[in-house]
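Trainee: Chains as they are written, first to last, in my numbering: chain A, 1 to 431; chain Y, 1001 to 1412.
The C-beta atom is built at its ideal place from N, Cα and C for all residues, glycine as well.
I am attaching a structure below and will ask some questions about it afterwards.
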Amino acid sequence: MKRLSALVSCVFLLHSMAAFGESTAFVGATIMPVSGEPIENGTLVIEDGKISAVGSNVRVPRNADVVDVAGMVIIPGLVDTHSHIGEPAGADRSSPIQPEARVLDSINVRDAGFKRALAGGITTANLMSGSGHLMSGQTVYVKMRDGNSIETVAYKKDDGSVDGGMKMANGTNPRRDAPFPGTRGKSAALVRQKYVAAQEYMAKIERADGDPEKMPERDLAMEALIEVLDGERVVHHHTHRHDDILTVLRLQEEFGFRVVLHHVSEAHRVAEEIAAANVPVSLIMIDSPGGKLESQYIDFENAPALERAGVNVGFHTDDYISDSRLFMRMAALGVRAGMTRKTALRALTLAGAEMLDLDDRIGTLERGKDADFVILSGDPFSVYTRVQETWVEGVKRFDIDDSDDRAVAEGGFGALQPSVIHEFHGYEEGH
Amino acid sequence: MRHSIISLIATLLCIAAFSAQASDIVVRGDLVYTSAGDPIQNGVVVVRDGKILAIGPASSVSIPGDMDVVNAAVVTPGLIDAHTVVGMVGYLSQDDDQDHLEQSAAIQPELRAIDAYNAREPLIEWLRTFGVTTIHSGHGPGEIVSGQTLIAKTTGDTIDEAVFNPAAMVAATLGQGAVMSGNGGRNTPGTRGKVAAMLRTELLKAEAYADKIAAAADDDEKDPPARDLKMEVLTSVLSGDTPLLVTVNRHNDIMTALRIAEEFDIRMVLDGASEAYLLLDEIKAAGVPVIVHPAMARAGGERENLSFTTAEKLINAGIPTAFQSGYEGYVPKTRVVLFEAAITLAHGVSPDQALAAITIDAAKILGIDDRVGSLEVGKDGDLALYDGDPFEYTTHAIGTIIEGVRVSDTVK
Chain A
1 MKRLSALVSC VFLLHSMAAF GESTAFVGAT IMPVSGEPIE NGTLVIEDGK ISAVGSNVRV
61 PRNADVVDVA GMVIIPGLVD THSHIGEPAG ADRSSPIQPE ARVLDSINVR DAGFKRALAG
121 GITTANLMSG SGHLMSGQTV YVKMRDGNSI ETVAYKKDDG SVDGGMKMAN GTNPRRDAPF
181 PGTRGKSAAL VRQKYVAAQE YMAKIERADG DPEKMPERDL AMEALIEVLD GERVVHHHTH
241 RHDDILTVLR LQEEFGFRVV LHHVSEAHRV AEEIAAANVP VSLIMIDSPG GKLESQYIDF
301 ENAPALERAG VNVGFHTDDY ISDSRLFMRM AALGVRAGMT RKTALRALTL AGAEMLDLDD
361 RIGTLERGKD ADFVILSGDP FSVYTRVQET WVEGVKRFDI DDSDDRAVAE GGFGALQPSV
421 IHEFHGYEEG H
Chain Y
1001 MRHSIISLIA TLLCIAAFSA QASDIVVRGD LVYTSAGDPI QNGVVVVRDG KILAIGPASS
1061 VSIPGDMDVV NAAVVTPGLI DAHTVVGMVG YLSQDDDQDH LEQSAAIQPE LRAIDAYNAR
1121 EPLIEWLRTF GVTTIHSGHG PGEIVSGQTL IAKTTGDTID EAVFNPAAMV AATLGQGAVM
1181 SGNGGRNTPG TRGKVAAMLR TELLKAEAYA DKIAAAADDD EKDPPARDLK MEVLTSVLSG
1241 DTPLLVTVNR HNDIMTALRI AEEFDIRMVL DGASEAYLLL DEIKAAGVPV IVHPAMARAG
1301 GERENLSFTT AEKLINAGIP TAFQSGYEGY VPKTRVVLFE AAITLAHGVS PDQALAAITI
1361 DAAKILGIDD RVGSLEVGKD GDLALYDGDP FEYTTHAIGT IIEGVRVSDT VK
């Protein structure tokens, strides 16, 4: 029996080894690496899930599988900095600030939303709770690899723990009956009180200096906030109105946490202030203003205005607010409003990677980075362009020529199931 | 003395206005799409008194010397949004200005859209910016019969200035979307079967009402029934004067709609119809047009099986098809029909088909193709101007003209 299991492991080992050392070369495409200028008739070589070479005069390894992608465009895998696929559910209705709630304890990796994301060229996403709380819990950064559990798809930190940020919100969405705040002033006061408590908890730990007798009792909320105050856990902050944006910057300055502003409907009104605070912005482009009070001045102009001000700009789907399959359209609308194509492509890729602290691994097509990329039929910012293939760590995860994948890309009877997509008949929760 | 100066000035102004009116304009496009034949290279459209006076290649159309000329790379007919609730709902989603759905009763065809439509609603201007010149708006989906719809131009400060069909259709909903219609704490209708039964019951009452009116007309001894606003509207549905716009998504609900259309021999327009691709033969045989759901609608609820390819399948099956911006309860508060049509271009719809579905085909379904939907002599001078392919993401809308008046010069 023991011998049999040894044999089985050996077979498994050999199977996984088979891929080891094999490389694939994609030749003939226009490669837009984001780390540099577009390469006409370029070659991309991948090996063991990583990019081993990219350029115009790349030697193709002798044993490499060569894939002719002439006429196609290759771009880095897209990074969606804000998505609700996989039914993430952190905080509940019991209180407005719940940093201890982790969405990793809720993600359904079998949700068809992941397939829609792949069909849209998304290879990395930040999954988070909604905006109905001042702090709705810990987000999780996922890689769109094939996996049976959140642990197998989540990015991991060096210590092996699941990587993610902290979701916060201000403005009107977190406002409701007590214990939730009823005003903006109360919202900020509640958040400040919580951060002050975390600072004091931190100080106790420092005073204990390793002495278990002097350590405060473990507190999951406080532990999570310490990660935020330490800068390890980035705050992803829903905010729309110009004054709410400035409130985030004020709190950020007071407590020193690292923050990415999300949605930011009125960014065009405070672009200089955002730039001065050196805070990145993840934008959403909505097809019309309004829908709720605080997005009445949302404008496609946000994208070029922030670019001009020198702000690091990314985009997000906020799926199911917008469909992951149409993520590139978001940046195209930025180009429509005057953003440069270069910045728009960066916004879909490297900028998002930077906002998730993953730019050492993803976001560009460079030697040594993860082999996450998208093969397009043409210009990334054209309505006529379609995603042909999406690769994650050297594995083809979406292929338009595969009938099941095509069904996801197009929709149809049962094609997008199982999935939970809310229909908005009211304006209850908000994103 | 002063009077005579004023009257002199007034006379001079009148002469100026007469020679080149505000509703006179010439549009020259590198490419003019007419929705009535092949596009015209270097085309010219002359609009006088709000109507198209001439259209053709620049070489063959003389431009009146007293008229302003506007240039654009691409010109199309003013776009038609075949179904929206813009003007009926406030764009900020506040409770007190959402007038598309009255929930006190399940069947209220007597509710007129003209009594609620706000011509100054900001999203009307928003749509106009992208070249939309005509909208079919009104009561929305969500009750078995929610009320009437109207057709308006996206201009005018009052309903009277904007509207050109005050009672276009009667809006109905079948399927889960109508379950709990008129729910005042009651639990009926609680099923699809009950929804259909309630609609049929009301249509039967209207038949009886119409019969009584007819009988009274033929017989002096008989009194006509007391006037009933609800019955009057349903009578016009039964007579075929007013189409029933049925919002329906699942295939079984589409069949229910077609069954009712046949039973009462009414004119029907399917709205939404996200599973229409399963029933192309049936829809075609019934002769019912489809105002298909927005291409970017969320695949949730009864629309869980929607597809980007539905429009292509409908159009190529020969079913009259138009696009719509639809109803949104949250963000985006309205979609833009140009953007929705554009998405289908990567999914089999040709640019010509897409343009037709937001111009002439939409006009035919709405019964307004005698006035709008194509650039032809005698039709309204409604035009949309772009700096490139209108459907491309990065192209800009650069101007909109309604009845010869430049109503937008925003570049968006």
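Is the distance from the Cβ of residue 116 of chain A to the Cβ of residue 85 of chain A below 9 Å?
Mentor: As a working mapping, residue 116 of chain A is identified with position 116 in the first sequence. As a working mapping, residue 85 of chain A is identified with position 85 in the first sequence. Result yes, Cβ atoms of residue 116 of chain A and residue 85 of chain A sit closer than 9 Å.
Trainee: Out of Y/1390, Y/1411, Y/1370 and Y/1398, which one is the CA nearest neighbour of residue 1052 of chain Y?
Mentor: Your numbering for residue 1052 of chain Y matches position 52 in the second sequence. If we check each option's Cα against that of residue 1052 of chain Y, Y/1370 comes out closest.
Trainee: What does residue 1296 of chain Y touch in chain A if you count any residue whose Cβ is under 9 Å from its own?
Mentor: Residue mapping note: residue 1296 of chain Y aligns to position 296 of the second sequence, counting from 1. Within 9 Å Cβ-Cβ: 287, 322, 323, 326 and 329.
Trainee: Looking at residue 319 of chain A and residue 95 of chain A, is the spacing between their C-beta atoms short of 9 Å?
Mentor: To locate residue 95 of chain A, count along the first sequence from 1; it is residue 95. To locate residue 319 of chain A, count along the first sequence from 1; it is residue 319. No, Cβ-Cβ distance for residue 95 of chain A and residue 319 of chain A is not below 9 Å.
Trainee: When burial is assigned at 16 or more other CB atoms within 10 Å of the CB, is residue 1335 of chain Y buried or exposed?
Mentor: Against the second sequence, residue 1335 of chain Y aligns to sequence position 335. Its Cβ being crowded by 16 or more others within 10 Å, residue 1335 of chain Y is buried.
Trainee: Would you call the segment 1101-1119 of chain Y and the segment 1384-1403 of chain Y in contact, with 3 or more CB pairs under 8 Å?
Mentor: Judged by Cβ distances under 8 Å, the segment 1101-1119 of chain Y makes no contact with the segment 1384-1403 of chain Y, as fewer than three pairs qualify.
Trainee: Would residue 290 of chain A count as contacting chain Y if we go by Cβ distances under 9 Å?
Mentor: As a position in the first sequence, residue 290 of chain A is number 290, starting the count at 1. It does: the Cβ of residue 290 of chain A has a partner Cβ on chain Y nearer than 9 Å.
Trainee: What does residue 159 of chain A pair with, by DSSP beta-bridge criteria?
Mentor: If you number the first sequence from 1, residue 159 of chain A lands on position 159. Its beta-bridge partners do not exist; DSSP assigns none.
Trainee: Does the pairing of the segment 1334-1349 of chain Y with the segment 1297-1315 of chain Y give three or more beta-carbon distances under 8 Å?
Mentor: With the cut-off at 8 Å, the segment 1334-1349 of chain Y and the segment 1297-1315 of chain Y touch.
Trainee: When you compare each of A/107, A/121, A/105 and A/101 to residue 134 of chain A by their alpha carbons, which one comes out closest?
Mentor: Numbered from 1 along the first sequence, position 134 holds the residue referred to as residue 134 of chain A. When each option's Cα is compared against that of residue 134 of chain A, the closest is A/101.
Trainee: Short of 8 Å Cβ to Cβ, which residues in the segment 1325-1358 of chain Y face chain A?
Mentor: Per Cβ criterion, the list reads 1328, 1329, 1330, 1331, 1332, 1333, 1334, 1335, 1336, 1339, 1342, 1343, 1345, 1346 and 1347.
Trainee: Taking all protein chains shown into account, do 16 or more other C-beta atoms lie within 10 angstroms of the C-beta of residue 1344 of chain Y, making it buried, or fewer, making it exposed?
Mentor: For this step, residue 1344 of chain Y is matched to residue 344 along the second sequence. Burial call: buried.
Trainee: For residue 1041 of chain Y, does the three-state DSSP call read helix, strand or coil?
Mentor: For this step, residue 1041 of chain Y is matched to residue 41 along the second sequence. The answer is strand: DSSP assigns residue 1041 of chain Y an E or B state.
Trainee: Within the continuous alpha helix (DSSP H) that includes residue 185 of chain A, where are the two ends?
Mentor: Along the first sequence, one-based indexing puts residue 185 of chain A at 185. First-last of the alpha helix (DSSP H) with residue 185 of chain A: 184-208.
Trainee: Beta carbons nearer than 7 Å to chain C: which residues of the segment 337-363 of chain A have them?
Mentor: Considering every chain present, this structure includes no chain C. Its protein chains are A and Y.
Trainee: Using 8 Å as the cut-off, can you tell me whether the segment 145-152 of chain A makes contact with the segment 174-188 of chain A, which would need three or more C-beta pairs spanning the two stretches below that distance?
Mentor: Counting Cβ pairs under 8 Å, fewer than three are found: no touch.
Trainee: Going by Cα to Cα distance, which pick from A/261, A/267, A/325 and A/332 is closest to residue 309 of chain A?
Mentor: Sequence index remark: in the first sequence, residue 309 of chain A carries index 309 (1-based). With distances taken between Cα atoms, residue 309 of chain A lies closest to A/267.
Trainee: State the Cα-Cα distance for the pair residue 1367 of chain Y and residue 1329 of chain Y, rounded to the nearest angstrom.
Mentor: The residue given as residue 1367 of chain Y occupies position 367 in the second sequence. The residue given as residue 1329 of chain Y occupies position 329 in the second sequence. For residue 1367 of chain Y and residue 1329 of chain Y, the distance between alpha carbons rounds to 28 Å.
Trainee: Can residue 1307 of chain Y and residue 411 of chain A be called in contact, C-beta distance under 9 Å?
Mentor: Locating residue 1307 of chain Y in the second sequence gives position 307, where the first residue counts as 1. Locating residue 411 of chain A in the first sequence gives position 411, where the first residue counts as 1. Yes.
Trainee: For residue 301 of chain A, which residues of its own chain have a beta-carbon under 8 Å away from its beta-carbon, when the five flanking residues on both sides are left out?
Mentor: Numbered from its first residue, the first sequence carries residue 301 of chain A at position 301. Correct list, in chain order: 268, 337 and 338.
Trainee: Just checking my contact of residue 31 of chain A with residue 345 of chain A at CB under 8 Å: how many whole Å lie between their CB atoms?
Mentor: Locating residue 31 of chain A in the first sequence gives position 31, where the first residue counts as 1. Locating residue 345 of chain A in the first sequence gives position 345, where the first residue counts as 1. About 12 Å separates the two Cβ atoms, so there is no contact after all.
Trainee: To the nearest angstrom, how far is it from the Cα of residue 72 of chain A to the Cα of residue 375 of chain A?
Mentor: The residue given as residue 72 of chain A occupies position 72 in the first sequence. The residue given as residue 375 of chain A occupies position 375 in the first sequence. Roughly 7 Å between the two C-alpha positions.
Trainee: For residue 1050 of chain Y, which residues of its own chain have a beta-carbon under 6 Å away from its beta-carbon, when the five flanking residues on both sides are left out?
Mentor: Translated into positions along the second sequence, residue 1050 of chain Y becomes position 50. Counting only Cβ-Cβ distances below 6 Å, and skipping sequence neighbours, we find 1023, 1381, 1403 and 1404.
Trainee: Would you call residue 1248 of chain Y buried or exposed, if buried means 16 or more other Cβ atoms sit within 10 Å of its Cβ?
Mentor: In the second sequence, the residue the question calls residue 1248 of chain Y occupies position 248. Its Cβ being crowded by 16 or more others within 10 Å, residue 1248 of chain Y is buried.
Trainee: Considering Cα atoms alone, identify which of Y/1123, Y/1036 and Y/1253 is closest to residue 290 of chain A.
Mentor: Reading the first sequence from its first residue, position 290 is the one you call residue 290 of chain A. Ranking the options by Cα distance to residue 290 of chain A, first place goes to Y/1123.
Trainee: Keeping to the same chain, check which residues put their C-beta closer than 6 Å to that of residue 1046 of chain Y; ignore five residues upstream and five downstream.
Mentor: Against the second sequence, residue 1046 of chain Y aligns to sequence position 46. The answer, listed in chain order, is 1026, 1053 and 1054.
Trainee: CB residue 1271 of chain Y to CB residue 1192 of chain Y, shorter than 9 Å?
Mentor: Here residue 1271 of chain Y is taken as the residue at index 271 of the second sequence, counted from 1. Here residue 1192 of chain Y is taken as the residue at index 192 of the second sequence, counted from 1. In this structure, residue 1192 of chain Y does not lie closer than 9 Å to residue 1271 of chain Y by Cβ.
Trainee: Could you tell me which of A/326, A/321 and A/327 sits nearest to residue 1331 of chain Y, measuring between CA atoms?
Mentor: Numbered from 1 along the second sequence, position 331 holds the residue referred to as residue 1331 of chain Y. When each option's Cα is compared against that of residue 1331 of chain Y, the closest is A/321.
Trainee: Looking only at its chain, what residues have a beta carbon closer than 7 Å to the beta carbon of residue 391 of chain A, apart from the 5 residues adjacent to it on each side?
Mentor: Position 391 of the first sequence holds residue 391 of chain A. If we look at residue 391 of chain A and ignore the five residues flanking it on each side, its Cβ neighbours are 371, 372, 373 and 397.
Trainee: Give the interface partners of residue 417 of chain A over in chain Y, defined as CB-CB distance under 9 Å, in chain order.
Mentor: Position 417 of the first sequence, counted from the first residue, corresponds to residue 417 of chain A. Result: 1304 and 1305.
Trainee: Please check if any C-beta of chain A sits within less than 9 Å of the C-beta of residue 1093 of chain Y.
Mentor: Translated into the one-based positions of the second sequence, residue 1093 of chain Y becomes position 93. Yes, residue 1093 of chain Y counts as interfacial toward chain A.
Trainee: Runs of 4 residues minimum, wholly inside the segment 390-422 of chain A: which ones carry the alpha helix (DSSP H) assignment?
Mentor: Counting only runs of 4 or more, we get 403-410.
Trainee: So, does the CB of residue 308 of chain A fall closer than 9 Å to a CB anywhere in chain Y?
Mentor: Here residue 308 of chain A corresponds to residue number 308 of the first sequence, with the count starting at 1. So, not an interface residue.
Trainee: Going by beta-carbon coordinates alone, are residue 143 of chain A and residue 394 of chain A separated by less than 9 Å?
Mentor: Here residue 143 of chain A is taken as the residue at index 143 of the first sequence, counted from 1. Here residue 394 of chain A is taken as the residue at index 394 of the first sequence, counted from 1. Not a contact, by the Cβ cut-off of 9 Å.
Trainee: My understanding is that residue 1149 of chain Y touches residue 1234 of chain Y, with C-beta atoms under 8 Å, so please give their C-beta distance in whole angstroms.
Mentor: Along the second sequence, read from residue 1 onward, the residue named residue 1149 of chain Y stands at position 149. Along the second sequence, read from residue 1 onward, the residue named residue 1234 of chain Y stands at position 234. Residue 1149 of chain Y to residue 1234 of chain Y, Cβ: 15 Å. No contact.
Trainee: Using a Cβ-Cβ cut-off of less than 8 Å, give me the residues of the segment 1156-1188 of chain Y that come near chain A, in sequence order.
Mentor: The segment 1156-1188 of chain Y vs chain A, Cβ under 8 Å: nothing.
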